[in-house]
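>
Residue numbers (our numbering): 234 to 519.
Below, the structure written as structure tokens:
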């Protein structure tokens, strides 16, 4: 018997990669036909489809706009997860909720990677909504919460913006000096590696919260310079602070995630962020 898996947000980077890996097992769901803010219709759709599991990659991800669009952000990232949790409860199937390193950040003295049991401290509306979504997912016992960071990979049909790597390559080829934030420490992660880990956790029945990112840590400035180095681009860069960048929403200055819990399970290992970048650049050059 084929175990079909519903993937919400199927038009995005991560949702699209999960659907490619699942092949005929995937039930791709996305806007406008599948709208998490229309809870009754979303539950009815899932009850009709009867998937063996639901992976929720759908999210309101416009971090800065969320400060002014708080209601819609909350309806998608928090209330919408509650809708999926209720559907999964009725079907008695697992819910995989994709979350973010942004649930951390309030501890300004932090310099050790965060473990799953560490106390969250979200900054800003987007971060709070994603943490609230975790709470909604965790209300259903068959939940997997996957926190990840800075995803980049093949663009999905409904991916509205370029990822950081593609943006840096485009700007780098223009040859103009770039000012890049150097005080936000995290681990940008390659979508195929994250997708592989998600499917491993789901198929192994490993419920709970897991940190799934590439290994190591860097800043956006460090990441950009490695992108240019590996691409053979000579780009003048200047490190700046988050305050100098002046984005409307706050960002965590340290949100490196510890993947020990995930790796202890013995599933597919997460490569270093440098090796992951090399893999992406090779894949896009082919």
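Glycine included, every Cβ here is placed at the ideal spot set by N, Cα and C.
1. Would you kindly report the start and end of the unbroken beta strand (DSSP E) that includes residue 493?
2. Would you report the Cα separation of residue 387 and residue 403, rounded to the nearest angstrom?
3. Please go through the same chain and pick out, in chain order, the residues whose beta-carbon is closer than 8 Å to the beta-carbon of residue 432, but skip the five residues on each side of it.
4. So if DSSP puts residue 289 in a beta bridge, which residue, or which two residues, is it bridged to?
5. Can you check DSSP and say which residues form a bridge with residue 342?
6. Is residue 348 helix, strand or coil by DSSP?
7. What three-state label does DSSP hand residue 422 in the structure shown?
8. Report the partner residues of residue 379 according to the DSSP bridge assignment.
9. From 322, 345, 272, 282, pick the residue whose C-alpha is nearest to that of residue 310; which is it?
10. Under 8 Å Cβ to Cβ from residue 326, same chain only, skipping five residues before and after it: list those, please.
11. Going by DSSP, which residues form a beta bridge with residue 413?
12. Helix, strand or coil, according to DSSP, for residue 452 in the structure here?
13. Which one of 490, 264, 436 has the shortest CA to CA distance from residue 236?
14. Counting pairs of Cβ atoms below 8 Å between the segment 404-415 and the segment 356-365, do you hit three or more?
15. Opposite residue 487 in the DSSP bridges: which residues?
16. Buried or exposed: which applies to residue 395, given that a residue is buried once 16 or more other Cβ atoms fall within 10 Å of its Cβ?
17. Can you give me the Cβ contacts of residue 221 inside the same chain, cut-off strictly under 7 Å, excluding the 5 residues immediately before and after it?
18. Using alpha carbons as the reference points, say which of 240, 245, 355, 244 lies closest to residue 258.
19. Name the one or two DSSP bridge partners that residue 262 has.
20. To the nearest angstrom, how far is the alpha carbon of residue 234 from that of residue 314?
21. So, using beta-carbon positions, are residue 525 and residue 417 closer together than 9 Å?
22. I'd like to know whether the C-beta atoms of residue 289 and residue 331 end up nearer to each other than 9 Å.
23. Just the C-alpha distance for residue 356 and residue 517, rounded to the nearest angstrom, thanks.
24. Our contact map puts residue 427 next to residue 398 with C-beta atoms below 8 Å; I'd like the distance itself, whole angstroms only.
25. In angstroms, rounded to a whole number, what distance separates the CA positions of residue 494 and residue 505?
26. Can you tell me the Cα-Cα spacing of residue 321 and residue 457, whole angstroms?
27. Within a Cβ cutoff of 8 Å, which residues of the same chain sit near residue 406, ignoring the five residues on either side of it in sequence?
28. Output the distance between the C-alpha atoms of residue 510 and residue 345, rounded to the nearest integer angstrom.
29. Can you tell me whether residue 435 is helix, strand or coil according to DSSP?
30. Hey, could you find the ends of the alpha helix (DSSP H) residue 364 is sitting in?
Short version:
1. Careful: residue 493 lies outside any beta strand (DSSP E), inside the alpha helix (DSSP H) at 493-496.
2. Between the alpha carbons of residue 387 and residue 403 lies a distance of about 15 Å.
3. The beta carbon of residue 432 sits closer than 8 Å to those of 251, 254, 255, all from its chain and outside the five residues before and after it, given in chain order.
4. DSSP, once it has assigned bridges, lists 241, 330 as partnering residue 289.
5. Answer by DSSP bridge pairing: none, since residue 342 is not bridged.
6. Note: residue 348 maps to coil in three-state DSSP.
7. Note: residue 422 maps to strand in three-state DSSP.
8. Looking at the DSSP assignment, residue 379 forms a beta bridge with 331, 443.
9. With distances taken between Cα atoms, residue 310 lies closest to 272.
10. The beta carbon of residue 326 is closer than 8 Å to those of 284, 285, 286, 287, 375 in its chain, skipping five residues each way along the sequence.
11. Answer is 472, bridged to residue 413.
12. Residue state for residue 452 is assigned as strand, using DSSP reduced to three classes.
13. Between residue 236 and the set 490, 264, 436, the nearest pair of CA atoms involves 436.
14. The segment 404-415 is not in contact with the segment 356-365.
15. Paired residue(s): 418.
16. Residue 395 counts as exposed, since fewer than 16 other C-beta atoms from the protein chains shown sit within 10 angstroms of its C-beta.
17. What the structure shows of the chain is the stretch from 234 to 519, and residue 221 is not part of that stretch, so it cannot be assessed.
18. Comparing Cα positions, the closest option is 240.
19. The partner list for residue 262 (beta bridge, DSSP) reads 241.
20. Reliability of the predicted coordinates at residue 234 is poor, the pLDDT of 44 falling under 50, and no value is obtained from them.
21. The shown model of the chain, from 234 to 519, leaves out residue 525, and the question about it has no answer.
22. Note that the C-beta distance between residue 289 and residue 331 is below 9 Å.
23. Cα to Cα, the separation comes out at about 34 Å.
24. Not a contact, Cβ separation roughly 14 Å.
25. The alpha-carbon separation between residue 494 and residue 505 amounts to approximately 16 Å.
26. Taking the straight line from one Cα to the other gives about 40 Å.
27. Cβ within range, chain order: 466.
28. Roughly 23 Å separates the two Cα atoms.
29. It is helical.
30. Residue 364 -> alpha helix (DSSP H) spans 357-371.
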